[in-house]
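Student: The following block contains the structure, expressed as structure tokens.
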Amino acid sequence: MNQGLKILIADDSELMRIVMKGFFKKFLSTCEISETSNLSETFNLLNKQDFDFLLLDINMPSGDSDPDTVKEILAIQENVKVCMFSGNDKNTLEQDYRDAGAIGFIQKNGDMSEALKEVLANNF
0 MNQGLKILIA DDSELMRIVM KGFFKKFLST CEISETSNLS ETFNLLNKQD
50 FDFLLLDINM PSGDSDPDTV KEILAIQENV KVCMFSGNDK NTLEQDYRDA
100 GAIGFIQKNG DMSEALKEVL ANNF
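The opening position of the sequence shown corresponds to residue 0 in numbering that gives the first Met the number 0, with each subsequent residue numbered one higher.
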């Protein structure tokens, strides 16, 4: 896997951000991780900094992330790899997000570590 990736974790739960940050550090020996807790912060940061990977929660304050959100993000940074992160049903939602340009969908109540490892291995 590529090292030195610039990662943005966008999730309103501090606990989820801490957990996922630990998984990224487990799988990538060097990476730079930034965090946001709502959608407006996420867009503000995406307009200021380039990222390689965005882990994007679907339900957050100041707006939920729908498939159009993925398209808006890719219009700002066409090379960022967007992976959805949600407690919502993956089987119901994943294809719509993939059609919009997301590279994966990690279910919060699933094996998040293994799912992230697989997404990273398949995309970097």
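In this text, a Cβ means the ideal position worked out from N, Cα and C, and glycines have one as well.
(1) Please list, in chain order, all residues of the same chain as Ala114 whose beta carbon is under 8 Å from its beta carbon, the five residues on each side excluded.
(2) From Glu34 to Thr41, what does the alpha carbon distance come to, in whole angstroms?
(3) Using only alpha-carbon positions, find the residue among Asp49, Phe50 and Thr91 that is nearest to Asp65.
(4) Is any non-hydrogen atom of the ligand SAH found closer than 7 Å to the C-beta of Lys24, if you look at the structure I gave you?
(5) So, for Ser112: in the same chain, excluding its five sequence neighbours on each side, which residues have a beta-carbon less than 7 Å away from its beta-carbon?
(6) If I'm right that Ala101 touches Val81 with Cβ under 8 Å, what's the distance once you round it to whole angstroms?
(7) Does Ser12 come out as helix, strand or coil in the three-state DSSP assignment?
Tutor: Well, looking at it:
(1) Gly103, Ile105 and Gln106
(2) 8 Å
(3) Thr91
(4) Inclusion of the ligand SAH in the displayed structure is not the case, the ligand content being empty and no account of it being possible.
(5) Phe22
(6) 5 Å
(7) coil
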